[in-house]
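Structure, as structure tokens:
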Amino acid sequence: HACLAQQGVFRVCLALTGFFTICAVGCRVSRAFHNALWSLKILLVFAPLVVGAMFVPAAFVEAFVWVARGGAAIFVVLQSIVIVDFAYAVNDWFVAQSNADSYSLQTDDDFFAKICACGGLDDALTTLLALSMVLFAGAAAGIVVLFVFYSACPVTQAFIAMTLVLCVAATATQLMFSDNGNLLTSAAVSAYATFVAYTAVSRIPNARCNPFLRSDDVAGIVIGLTLALVSLAWTTHSTSSAIADVLDSSDSMTRELVPRAADGDDDDGDPEAPSSGAIPPAPIECLDGGDTENTRFNIALVLCAMYLACQLTSWGTWTTGVDQSLSSPLAGAVASWMNISAQWAMFLIYFWTLLAPYFFPDRDFA
């Protein structure tokens, strides 16, 4: 039953991967593809893919599971970038609110209001500090729990200890060397790193190292799905999301289906008047050069589908229903190293955001 359930999840994931890949290709071809004909897309593309995925040979699905694990690990890194981007945005919003409140108090005729505006924490900064402390407390509590339950093996001890060291190092770097860093972002990175460390140690296929090996990881599934939904919501909301920037490809590596006008060929006269530098009409009306932003977004959805499938199946480390034996110990070990490697990549990215302006002061990292 467990194997069939796992196969069912990855078959649906295979259909979603195919659907979002088709959407990415369609968006790359036409700007109108993303918003057009969704009823036909569901009926003629997505539904047949789901039905067809149920008849795909099991050997192909097992091979796709490894592809999904790799995509899920990439999504963990991209999700960390989104969390960093989101934490910076939240911090900037609270700081802007504080500055606005301080300015309004300074222009107030009330003598006591002017005194309050000279320093101290207002409501916005107090809320910001409280959020940071809650995230730091959650990270600290999580690391303590990991040491209590998952420290029986050298590998798990190393994973947890490195998480603690990296969290402290990131926060110290932000406080001492970075001018554009902030406490909330360090707290968010520490909390997310603790969750990724938990995901890594809870996939170790050794009952001595992982005392909860054969139990359902409900908490991990709920937290993982919640983080994925928040990441997608922020990516959708932000027009310059971090995922889109990471997946951005150079214009020199792709060719537009419609040639662009050369620089300096713009007509300064009537915009409707024909000119020698005007873009010729596309051979087919819908082939308008494509929508790069929605193409990248659909690629992110492909990776997200793989991540959700791995979260729902514990990255393939499920147990059989007969003797509760682990059906795929190699998958558990690989998933563990994938997650901890994604965590290290996240810390490298965060350290870069903190130290790059310090080492390269002449460059603009805004």
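Heads up, the sequence shown is in this note's numbering, so the first residue is 1 and it goes up one at a time.
We treat Cβ as the ideally placed atom computed from N, Cα and C, and that holds for glycine.
None of these values were measured; they are calculated from a predicted model.
Helix, strand or coil: how does DSSP classify residue i here?
| i | result |
| --- | --- |
| S341 | helix |
| P357 | helix |
| N368 | The structure shown does not extend to residue 368, since the chain spans only 1 to 366, so no value can be given for it. |
| D85 | helix |
| V168 | helix |
| C153 | coil |
| V77 | helix |
| R255 | Legend: pLDDT at R255 = 42, less than 50; position of this residue unreliable, value from coordinates given subsequently. Reduced to three states, the DSSP call for R255 is coil. |
| A32 | coil |
| V9 | helix |
| F177 | coil |
| F136 | helix |
| F212 | coil |
| R363 | coil |
With 16 other CB atoms within 10 Å as the buried threshold, where does residue i fall?
| i | result |
| --- | --- |
| M176 | exposed |
| I83 | buried |
| G18 | buried |
| F60 | exposed |
| R69 | buried |
| V145 | exposed |
| M54 | exposed |
| F212 | exposed |
| F20 | buried |
| F86 | buried |
| R363 | exposed |
| G332 | buried |
| G71 | buried |
| S39 | exposed |
| A63 | exposed |
Give the single residue among the options whose Cα lies nearest to the Cα of residue i.
| i | options | result |
| --- | --- | --- |
| Q174 | V61, P357, V82 and F94 | P357 |
| G26 | T185, V201 and F297 | F297 |
| S190 | I42, N210, L37 and A161 | A161 |
| M338 | W66, V12 and C304 | W66 |
| Q6 | S336, L308 and L44 | L308 |
| M346 | E293, A300, V302 and F195 | F195 |
| L129 | A141, S98 and A207 | S98 |
| G8 | W344, W38 and A58 | A58 |
| C310 | F94, P154, A228 and P48 | A228 |
Which first and last residues belong to the alpha helix (DSSP H) in which residue i is found?
| i | result |
| --- | --- |
| W315 | Here W315 belongs to no alpha helix (DSSP H), and DSSP marks it neither H nor E. |
| P205 | No alpha helix (DSSP H) holds P205; DSSP gives it neither H nor E. |
| A53 | A47 to A53 |
| S39 | W38 to K41 |
I need the straight-line Cα distance from residue i to residue j, nearest angstrom please.
| i | j | result |
| --- | --- | --- |
| I81 | V230 | 13 angstroms |
| V334 | I204 | 9 angstroms |
| A15 | A124 | 45 angstroms |
| C23 | F33 | 8 angstroms |
| T156 | L44 | 48 angstroms |
| A169 | S186 | 10 angstroms |
| D179 | A141 | 28 angstroms |
| N210 | F147 | 12 angstroms |
| F359 | D92 | 23 angstroms |
| V12 | T313 | 13 angstroms |
Under 8 angstroms, Cβ to Cβ, is there at least one residue of chain B near residue i?
| i | result |
| --- | --- |
| Y88 | No chain B appears in this structure, which consists of one protein chain only. |
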